[in-house]
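Everything on this sheet refers to the single structure shown next.
Right under this line is the structure:
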């Protein structure tokens, strides 16, 4: 259980992981998004998962409004379909660091002709190649006392330039 | 355990989840990447995680070469730092669907002045707004018999246009 710290109240990764925080759930989402899995047996056969575990996970996803079901089919909601960029990003980490035989899948759009990647994109600078300077600053949903901590760390990392005696 | 299907041999999300497949591990990575957590106590205090669980998770991350340690400090390797885009994408899902008080953090680069997002980017078209057409096609690391399945599904989804008797 999370909850002893600020996490379950504030952090969006924590809240995301309360919905998807173990591997089967993300693999079920992968199959729903990219392998056209719809029926219980689609997921079961493709994942080789025990039926009781699969039933629990699907019920959880329905309860979390990530899927809807009529009892026979499981369909993603908008909330569920919105996981596309996360799954591409997770796949590409695996492609780079855990795919000794090469990239197993290629994400495409435009009926398969164009290749798609998950990237960090700056509102001003466009797609970023160098991610070393990426940091987290407080957003509007961060309580003040926690925001102060993040901001203090930011100033430590980027000290204000020394003041000149006189401006040139 | 995964392994009864093709997943642990082929799929990059599966392999990724073998490294990071439960919530504490991703929260530890979040703290290492974005909260400057380095020492055991940094992680422990920030996450409020039981020390035995934290010790197991950190040892796993060191074993997986995502972190290195000298016994006192835990530092991310390149393999670990490369999780930035995934964590931004996961955060942004939480921001959109599970942050009733607004976005808790804002990712920035350039000393905090520019806002960064995780986006799907097409090699030809640039940043994609509409992700409905994104699909997975076989890459070079996909065994032939599995590639055939993905390709068949692709053709089902995008049937070839009917041939005309005579070209105009």
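Residue numbers (our numbering), protein chains in the order written: chain A, 18 to 185; chain B, 18 to 185. For glycine and all other residues, C-beta sits at the position ideal for the given N, C-alpha and C. Being a predicted model, the structure only gives us computed values, none of them experimental.
_If the criterion is Cβ atoms closer than 9 Å, does the pair residue 196 (chain B) and residue 117 (chain A) meet it?_
It is not possible to answer for residue 196 (chain B), since the shown part of chain B is limited to 18 through 185.
*For residue 144 (chain B), which option in A:92, A:78, A:56 and A:125 has the closest C-alpha, if you only look at C-alpha atoms?*
Sequence index remark: in the second chain, residue 144 (chain B) carries index 127 (1-based). Minimum Cα distance to residue 144 (chain B) is reached at A:125.
*Quick one: what's residue 143 (chain A) bridged to in DSSP?*
As a position in the first chain, residue 143 (chain A) is number 126, starting the count at 1. DSSP output for residue 143 (chain A) lists A:139 as bridge partner(s).
*Bounding residues of the beta strand (DSSP E) (the contiguous stretch that carries residue 85 (chain A))*: For the purposes of this step, residue 85 (chain A) is taken as residue 68 along the first chain, with counting starting at 1. First-last of the beta strand (DSSP E) with residue 85 (chain A): 84-86.
_Let me see if you follow: with CB-CB separation under 9 Å, is residue 101 (chain B) close to chain A or not?_
Locating residue 101 (chain B) in the second chain gives position 84, counting from the first residue. Judged by the 9 Å Cβ criterion, residue 101 (chain B) is in contact with chain A.
*So with Cβ pairs under 9 Å, would you call residue 19 (chain A) a contact of chain B?*
Here residue 19 (chain A) corresponds to residue number 2 of the first chain, with the count starting at 1. Below a pLDDT of 50, predicted positions are generally treated as unreliable, and residue 19 (chain A), at 44, falls in that range; the measurement from the model is reported next regardless. Yes, its Cβ sits closer than 9 Å to a Cβ of chain B.
_On a Cα-Cα basis, can you pick out the residue from A:30, A:50, A:42 and A:56 that is closest to residue 47 (chain B)?_
On the second chain, residue 47 (chain B) is found 30 positions in, with the first residue counted as 1. Answer by Cα proximity: A:30.
_Cut-off 7 Å between Cβ atoms - residues of its own chain near residue 131 (chain B), not counting five sequence neighbours on either side_ = On the second chain, position 114 is the one that residue 131 (chain B) refers to. 125.
*Closest Cβ-Cβ distance between residue 185 (chain B) and chain A: below 9 Å?*
Looking up residue 185 (chain B) in the second chain gives position 168. In this prediction, residue 185 (chain B) has a pLDDT of 49, which is less than 50 and means its spatial position is unreliable; what the coordinates show is noted afterwards. No, no contact with chain A.
*In three-state terms, what does DSSP make of residue 64 (chain A)?*
On the first chain, residue 64 (chain A) is found 47 positions in, with the first residue counted as 1. Helix at residue 64 (chain A).
*Figure out for me which residue from B:113, B:111 and B:95 has the closest Cα to the Cα of residue 113 (chain A).*
Within the first chain, numbered from 1, the residue matching residue 113 (chain A) stands at position 96. Checked all of B:113, B:111 and B:95; the closest Cα to residue 113 (chain A) is B:95.
_Within 10 Å of its beta-carbon, does residue 68 (chain A) have 16 or more other beta-carbons around it, so buried, or fewer, so exposed?_
Residue numbering aside, residue 68 (chain A) sits at position 51 when the first chain is read from its first letter. Classification for residue 68 (chain A): exposed.
*Specify the secondary structure class of residue 20 (chain A) as computed by DSSP and reduced to three states.*
The residue you call residue 20 (chain A) lines up with position 3 of the first chain. With a pLDDT of only 46 at residue 20 (chain A), under 50, the local geometry of the prediction cannot be trusted, and the value read off the model is given with reservation. In this structure, residue 20 (chain A) counts as coil in the three-state DSSP scheme.
*What in chain B is Cβ-close to residue 123 (chain A), meaning under 8 Å?*
Looking up residue 123 (chain A) in the first chain gives position 106. Neighbours of residue 123 (chain A) on chain B, chain order: 153, 154, 155 and 156.
*Looking at residue 165 (chain B) and the ligand HEM, is the gap between the Cβ and the nearest heavy atom below 8 Å?*
The ligand HEM is absent from the structure shown, which contains no ligand whatsoever.
*asked:* Is it buried or exposed, residue 172 (chain A), if we count other Cβ atoms within 10 angstroms and call 16 or more buried?
replied: Residue mapping note: residue 172 (chain A) aligns to position 155 of the first chain, counting from 1. Residue 172 (chain A) is exposed by the Cβ-count criterion.
*For residue 104 (chain A) versus residue 50 (chain A), is the C-beta distance shorter than 9 Å?*
Within the first chain, numbered from 1, the residue matching residue 104 (chain A) stands at position 87. Within the first chain, numbered from 1, the residue matching residue 50 (chain A) stands at position 33. Against a cut-off of 9 Å, the Cβ pair of residue 50 (chain A) and residue 104 (chain A) comes out as a contact.
*Flag this pair as touching only if the stretch 31-40 of chain B and the stretch 58-66 of chain B have three or more C-beta atom pairs under 8 Å; answer yes or no.*
no
*Are residue 101 (chain A) and residue 140 (chain B) touching if we call contact CB-CB under 9 Å?*
Numbered from its first residue, the first chain carries residue 101 (chain A) at position 84. Numbered from its first residue, the second chain carries residue 140 (chain B) at position 123. Cβ atoms of residue 101 (chain A) and residue 140 (chain B): not closer than 9 Å.
*asked:* Quick check on the DSSP output: the alpha helix (DSSP H) that includes residue 153 (chain A) runs from which residue to which?
replied: Residue 153 (chain A) sits at position 136 when you count from the first residue of the first chain. Per DSSP, residue 153 (chain A) belongs to no alpha helix (DSSP H); it is in the beta strand (DSSP E), 152-155.
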